[in-house]
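Take 1 as the starting number for the sequence shown in the UniProt record's numbering and just add one per residue. Cβ atoms here follow ideal geometry from the backbone N, Cα and C, with glycine treated the same way. Quick notes on the structure that follows.
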Amino acid sequence: AVNPCCYFPCQHQGVCVRVGLEGYECDCTRTGYYGVNCTSPEFWTRLHNLLKPSPAFYHFILTHFKWFWDIVNSTFIRDTLMRLVLTVRANLIPSPPTFNSDYGYISWEAYANVSYYTRVLPPVPDDCPTPMGTKGMQQLPDPQLLAERFLLRQKFEADPRGTNMMFAFFAQHFTHQFFKTSGKMGRGFTKALGHGVDLGHLYGDNLQRQHQLRLFRDGKLKFQVVDGEVYPPTVTDAPVHMVYPAGTPREQQLATGQEVFGLLPGLCLYGTLWLREHNRVCDVLRREHPTWDDEQLFQTARLILIGE
């Protein structure tokens, strides 16, 4: 018999549990819904859904009324609004997490073991007839083919929201502080270095890498000057492990806190900007606090950049 959970009967993030050979139950705890398939809204959920504006309304407000957003961004309202937005968005993610990359059911490991990547959507049970559950093809198409079919452009098309590739690169650069796949353990595992903003992708994820990147003078990080501009050092000057295409000479490999930043120009760009900013802040601190030694200058500059 087909596992009934392969049909994903539980709605609104309800957890499907197989019962017997052909039965199932939906755990609707903390979903705001009840019923066999978690489809009946509770009173407060019904009221919330009634009053909640549509996504189209949100988009219209956020992309119009420039005069209003200028006022918000130039007053104390900005900090209050950002705290509210971040809190609301964070509450959309189940906490504690329901699933992780190794377990397709509720477990203590999903809650306590931060070596795993957490899943927001439930995984497809292993015994389902197709990769999507019960629908779709027996074998999923090549991801490279999908990327080329849906994302490849032959001519420029402006993003309707006014963003560009630099936004995507910044997002990837930012999340590499806490999303870092463990190459030794596999793609489902992280290095479990923490979930906060620590600029580990600039300073390295361990003390040895940090020391290899530091100049140990005036609190600064190592750098090189090319055509009058500051860039990260090469791995010959900062002997850290970097991932580059095979055959790339060491004198052409730039050394950064994150070993894969040299593979993508956008990530290397942001790494270069933060390197310059760190050393600039060190110059300012050194002028303001001439008695501080290298260590205090470095540590204080790091705190300032984390705040930035």
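**OP:** Write down the C-beta distance between G104 and P131 rounded to the nearest angstrom, noting that I regard them as a contact closer than 8 Å.
**Re:** At roughly 14 Å, the Cβ-Cβ gap does not stay under 8 Å, so G104 and P131 are not in contact.
Original post:
What are the start and end residues of the beta strand (DSSP E) that includes G23?
Top reply: Unbroken beta strand (DSSP E) run through G23: 23 to 27.
**OP:** Find out if the Cβ-Cβ distance for the pair L213, L305 is shorter than 8 Å.
**Re:** Not a contact, by the Cβ cut-off of 8 Å.
Original post:
Is it true that the stretch 201 to 211 meets the stretch 244 to 262, where meeting means three or more beta-carbon pairs spaced less than 8 Å apart?
Top reply: The count of Cβ pairs closer than 8 Å, one atom from the stretch 201 to 211 and one from the stretch 244 to 262, reaches three, so the stretches are in contact.
Original post:
The alpha helix (DSSP H) with E277 in it runs from where to where?
Top reply: Judged by DSSP secondary structure, E277 falls within the alpha helix (DSSP H) whose first and last residues are 265 to 288.
Subject >> For E229, the first and last residue of its enclosing beta strand (DSSP E) >> reply: Element bounds for E229: 229 to 231.
Original post:
Does the stretch 69 to 83 touch the stretch 135 to 153, meaning 3 or more C-beta pairs lie closer than 8 Å?
Top reply: No: the two stretches stay apart, fewer than three of their Cβ pairs being nearer than 8 Å.
**OP:** Mind listing, in chain order, the continuous alpha helix (DSSP H) runs of no fewer than 4 residues lying wholly within the stretch 136 to 205?
**Re:** Every unbroken stretch of the alpha helix (DSSP H) spanning 4 or more residues and falling wholly within the stretch 136 to 205 is given here in chain order: 143 to 151, 165 to 175, 200 to 203.
Original post:
beta strand (DSSP E) containing R18: first to last residue?
Top reply: Segment 15 to 19, the beta strand (DSSP E) holding R18.
Original post:
Going by DSSP, what residues sit across from Q11 in a beta bridge?
Top reply: DSSP output for Q11 lists no bridge partner at all.
**OP:** Using DSSP bridges, identify the partner residues of L254.
**Re:** Bridge pairing for L254: T234 [DSSP].
**OP:** Could you round the C-beta distance between C5 and Y34 to whole angstroms and report it? I think they count as a contact, below 8 Å.
**Re:** Between Y34 and C5 the Cβ distance is about 19 Å, and since that is not below 8 Å, they are no contact.
Original post:
Should T63 be labelled buried (16 or more other beta-carbon atoms within 10 Å of its own) or exposed?
Top reply: Exposed: under 16 other Cβ atoms inside 10 Å.
Original post:
CB-CB under 8 Å to G14, same chain, minus the five flanking residues each way: which ones, in chain order?
Top reply: The answer, listed in chain order, is C26, D27, C28, T31, Y33, N37, C38.
Subject >> As assigned by DSSP and simplified to three states, the class of Q302 >> reply: Rather than Gln, the amino acid found at residue 302 in this sequence is Arg. Three-state result, R302: helix.
Original post:
Of the choices E42, L81, C128, whose alpha-carbon is the least far from that of N3?
Top reply: Among E42, L81, C128, the Cα nearest to that of N3 belongs to C128.
Original post:
Hey, would you say A301 sits closer than 8 Å to L285, going by beta carbons?
Top reply: Going by C-beta atoms, A301 is nearer than 8 Å to L285.
**OP:** Apply the 10 Å Cβ neighbour rule to M242 and answer buried if 16 or more other Cβ atoms are within range, or exposed otherwise.
**Re:** Buried is the call here.
Original post:
V226 bridges to which residues according to DSSP?
Top reply: Residue pairing by DSSP puts V226 in a beta bridge opposite E229.
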